[in-house]
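One structure is given here, and the rest of the page talks about it.
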Amino acid sequence: MSEPVFRARALTKVYRMGESEVHALRGVDLEIHAGEFIVLLGPSGSGKSTLLNILGGLDTPTTGDVRFLEHQLTGADEAELTRYRREHVGFVFQFYNLIPSLTARENVALVTDIAVDPMSSAEALSWVGLGERLDHFPSQLSGGEQQRVAIARAIAKRPQVLLCDEPTGALDYETGKLVLEVIAKINAELGTTAMVITHNAAISGMADRVLRLGNGKIVGEEKPERKLTPAEISW
Amino acid sequence: MTSLDRKLMRDLWSLKTQVVSIALVIACGIGGFIGSLSTYSSLVWSRGHYYDTARFAHVFATAKRAPASLTQKIHAIPGVSEVETRVVRDSQLSIPGVTPPMIARLIGYDFARPAGMNRLTLKSGRWPAPGAKGEVVVNQRFLEARSLKLGQHMNVLLNGKLERLQLVGTVLTPEYIYATRGGGMPDDEWFAVLWTDAQALAAAFNMEGAFNSVLLRLQRGASSEAAVEALDRLLEPYGGFGAVGREDQVSDKILTQEISQQRVFGTVLPAIFLLVAAFILNVVLHRQVNAQRGEIAALKALGYDDLAIAWHYLKFASVIVLLGVALGVWLGNWLGNAMTGLYTDFFHFPEFHYRLEPWLVLAGAGAALGAAFGGALAAIRGVVRLRAAEALRPPAPAAFRPLMIERLGYAGLLTPAQRMIMRNLERKPLRAATTVAGIAGSVAILIAGTFWSDAIEWFMDVQFNMVQRAQVNVGFAEPVPREARWELARLPGVKQVEVTRAIPVRLRAGHRSYRTALIALADDALLQRILDAELREAKPAPGSVLLTTRLAERLGVAPGDEVMAELLEGKRVKSWLRVGGTVRELAGMNAWMRLEDLNRFAREGAVVSGAGLLVDRAQEGALLERLKQMPAAAVVIVNRTLVDTFRETSAKNVLFFTAILSAFAATIAVGVVYNSARIQLAERAWELASLRVLGFTRGEVSVLLLGELALEIAAAIPLGFAAGYGLAALLLALMPHEMIEFPLIISRPTYLYAGAVVVAAGVVSALIVRNRIDNLDMVGVLKTRE
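Listed in order, the protein sequences are those of chains A and B. Each number in this note's numbering corresponds to the 1-based position in the first sequence with 7 added. Each number in this note's numbering corresponds to the 1-based position in the second sequence with 87 added.
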């Protein structure tokens, strides 16, 4: 097995919410390897998004240690984290977070403008099957199409990891499957390490490895015997 | 163009009305700044240029009669480069068809050679032929005020002999840019300055080989004070009335005050505009940043650093500011041109000169950018502080709590709609306060810009109904016995006579000196009174002098101190006078004494030099005709005519400024109210659309949003009244006010007007926003996450 891409030790995260403290992570240990397709399962409030955000350099742990390849993410300052995100990480969010005032092509160009060796916007969009809808604004696209633009935006920089937070959460069944196909394709064909947060247990069939979170800890880990294609899963 | 810049362009376009409204507020600030200060510098330049080309004198003096041979001695005064002597006489002037008497100042002029100083510029007609008797040129202002035609004949009393003069031309002179008989008010209709052949004039007054007026030009760097002192000493034996430097020359003094006002207007009011613009920008940017939390988070997640995102929003602010600056420079240039034109006309400068100095544009743009960035910075700090992970979560639902009134148990008093409005205001007190402050600012600007006519009206009312209640004032050529009052009382229509005594004086205290007159009123005077700004009557204490506070300040003396009084008439007594008190009079730089004290001080008997008359209006014409025939009555002033002239001249300027300031203030009000409403609408679209889905009518939903604005406007107006009062006080304090101190009087109509303009601006904004509320997309709004 290859060197781990991510290596996390004893991660905790405590939020202050007014007067009370919320323990989002309570000691997470984790290794993720290059090219793996990981599914993170868990109920609301189990700490999935917090973990994803820490791995993606959007947040920092309260205690513990996390590394991405040779980069130490704990203790990195804002500038280092920004460079890390810019160079290595692609994000996909549940609500797409597209810029409504920019077309599909321009939303992707946001990344190609600042990345080191990006693919072209058109290429990224044809990867997700939207080569024909380059000049549409988000408001002119369906939810599934918007999510695919977000994925195109995430992969245009040729990231090493693709972090997806509930990518199908806002989509219907058919569209959701279409989006999962795109993610699987990127994982398989570009070798991008993919990590998908979901409520949907059916999606775990696609994973190399499934991590279950509960109450801020990893409470279970499974390796499906056979990796299914999105077409083979249903919910 | 990068994608981020494309986003910028589209964001700006989607907020175009807000962008334009903020830019307009900035434009008003810059426009006012550039307009006023360019007018100021253009007028200063014009004055300087005019003074230079006309070779305006540096020192002015008058005497009774000095021999021509004195000229050489005057020339020998250190620092003096040129001397010009002339004959100047005031006498009664009459024009067919005009009953009230006018005064003509006759000035001897050698039309055959160019004058060394105070050169005349021929405006129309021709010069009098050299040696021609009875031909005169007149100051242009008099001709215009009286609508006279060239060729017109008029009569003057020359040394007791009625002389017919013909008007052959009109002229401009730096000496009488403001023509006045000595008071602080322009007096164009009743005071003519006539230039006539020098020899003829001298002959008429038996002044051949003599002069009674001297003009000096000084070498560069020479001291005007020293020259004034030396000239006073030389002229003393010949009845010198005291020399003055250019800074105390009446016309120059009023002109300088008038010009300096532009500088005060140009700095105080624009500062408020920029402050308000900074407020609005801050609120709008805050809103923009909040609305784009998700986008900012996405950008951060994509790897944009804080600097790039902050710069993106700063550019948003900069585009608005630069748009405002561009509009403002255009507006300022237009305004400066218009105001300079207005003043050039008003002052009768021979040339129109307007120049917009580049530093003004730079300073204006710099101030606007500074204010805008100040306003933008807090909002942008929010962008930097926003942790991407946090921003990806939807913002926590706003925390509401019961209102104070509800906590006190009076919840039943409010309808649910009123409760929503009140809670919303209570939840964001800072934003509500900002909106209220912005609207109050526009009310304040309106008041501070338009109260001047109230102050002037009040001033005129006090001056002519309470201080000088005489309808006609008579000045005698020479002091006359006190009994002259009985003679005046017998004239037709005279109901009451009160005598006065005035002696020109130079007051000295240490190194400071000032030329004015010692004035005495009868103890029981009713027609002329000494009133302070609060209308309390003051009387000079026995054996002392009572000074106008401004004069005491100028001399640096306080009650109990002594001043050296050098009388410039009669026995020319020089002696110490005790300052018995000071009085904050609205007008003049006066020194008051009791009548018997003044006559004793002057070592004269019971004489008087003037009288105030209360007359029957029906017989005024007959009285004035009789007075014209009395050689002893050298000066006759009908107060009513002064008031009319003053009103006419001030009305034109006041109207222009009121119009400009009203437009500016309405711009601010619309800018604040409209932006506030748009932001509220954007933030609460979800809530309002939900209410529409639940069955609320458009009207009911509008009330929720616009009700809040109405409350804010209602709160802002009284605050604006108070702020306007303060701002007016500040402007008055900063204004130069040697001769006249305008009182802080703001009338009810002025308050009403300011309130009405702001309410109108509110209604216009509400109508624009109402249109958007009517078109709320219920389904669409409910679908979006925010």
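Even for Gly, the Cβ is constructed at its ideal location relative to N, Cα and C. Bear in mind the structure is a predicted one, so any value in this text is a computation, not a measurement.
When the Cα of residue i is compared with those of the options, which residue comes out closest?
i      : options                        : result
B/K387 : B/V471, B/W214, B/M426         : B/V471
A/L218 : A/D36, A/K20, A/V29            : A/D36
B/W100 : A/I45, A/S108, A/E28           : A/S108
B/N677 : B/M822, B/A531, B/P591         : B/P591
B/L414 : B/T89, B/G118, B/A802, B/R690  : B/G118
B/A330 : B/P324, B/L302, B/T343, B/R173 : B/L302
B/Y137 : B/S310, B/F436, B/G692         : B/F436
B/A378 : B/L796, B/L768, B/L778         : B/L768
A/I61  : A/D215, A/D172, A/E28, A/T205  : A/D172
B/A524 : B/V650, B/A756, B/R474, B/A628 : B/A756
B/G247 : B/D177, B/A612, B/T260, B/E649 : B/D177
B/Y601 : B/A279, B/E171, B/V315         : B/V315
B/A465 : B/A395, B/E544, B/A843, B/H373 : B/H373
B/P445 : B/V106, B/D319, B/T172, B/V416 : B/V416
B/L655 : B/I182, B/F688, B/R97          : B/F688
Which bits of chain B does residue i rub up against, with CB to CB less than 9 Å?
i      : result
A/F13  : Residues of chain B passing the Cβ test: none, with the nearest at roughly 17 Å.
A/S127 : In chain order: nothing, as chain B lies at least about 13 Å away.
Under the rule that 16 or more other beta-carbon atoms within 10 Å means buried, what is residue i, buried or exposed?
i      : result
B/G758 : buried
B/D60  : Since the displayed chain B opens at 88 and closes at 873, residue 60 of chain B lies outside it and no answer follows.
B/W539 : buried
B/H598 : exposed
A/L76  : exposed
B/K236 : exposed
A/N114 : buried
B/A907 : No information on residue 907 of chain B is available, as it lies outside the stretch 88 to 873 that chain B covers here.
B/L157 : buried
B/N552 : exposed
B/R704 : exposed
B/L817 : exposed
B/T227 : The sequence given here places Gln at residue 227 of chain B; Thr does not occur at that position. It counts as buried.
Got a sec? Which residues, its chain only, sit under 6 Å from residue i by beta carbon, not counting five neighbours each side?
i      : result
B/G562 : G697, A721, V722
B/H240 : R251, Q253
B/A531 : G807, A810, G811, L814
A/T199 : L169, I193
B/S834 : D541
B/N420 : L443
B/Y838 : F808
Within the same chain, show all residues whose beta-carbon is closer than 8 Å to that of residue i, passing over the 5 residues directly before and after it, in chain order.
i      : result
B/S129 : G423, T427, H440, Y441, R442
Less than 7 Å between C-beta atoms, sequence neighbours within five positions excluded: which residues of the same chain meet that for residue i?
i      : result
B/R572 : V584, V586, A698
A/P237 : K184, L187, E188, A191, M213
B/A397 : I467, V470, V471
B/F434 : I264, L342
B/T754 : L111, V112, C115
B/A612 : E585
Tell me where the alpha helix (DSSP H) around residue i begins and ends.
i      : result
A/S27  : Here A/S27 belongs to no alpha helix (DSSP H); instead the beta strand (DSSP E) covers 27 to 40.
B/H136 : 103 to 140
A/S56  : 55 to 62
A/H206 : Element bounds for A/H206: n/a, residue is neither H nor E.
A/H95  : 85 to 95
B/A358 : 337 to 378
B/K582 : That residue, B/K582, is in no alpha helix (DSSP H); its beta strand (DSSP E) goes 581 to 596.
B/I800 : 785 to 821
Please report the residue range of the beta strand (DSSP E) in which residue i lies.
i      : result
B/G675 : Where B/G675 is concerned, there is no enclosing beta strand (DSSP E), given that its DSSP letter is neither H nor E.
B/T208 : 208 to 212
A/S51  : That residue, A/S51, is in no beta strand (DSSP E); it is neither H nor E in DSSP.
Using a Cβ cut-off of 8 Å, pull out every chain A residue sitting near residue i, in sequence order please.
i      : result
B/S101 : S108
B/R874 : Since the first residue shown for chain B is 88 and the last is 873, residue 874 of chain B is missing from the structure and cannot be characterised.
B/G381 : F102, N104
Name the chain A residues whose beta carbon is nearer than 7 Å to that of residue i?
i      : result
B/K94  : I106, S108, L109
B/A384 : N104
Please list the partners that residue i has in chain B, where partner means a Cβ-to-Cβ separation under 7 Å.
i      : result
A/A116 : S90
What residues of chain B sit near residue i, judged by a beta carbon separation below 8 Å?
i     : result
A/T89 : K387, G390, Y391, D392, D393
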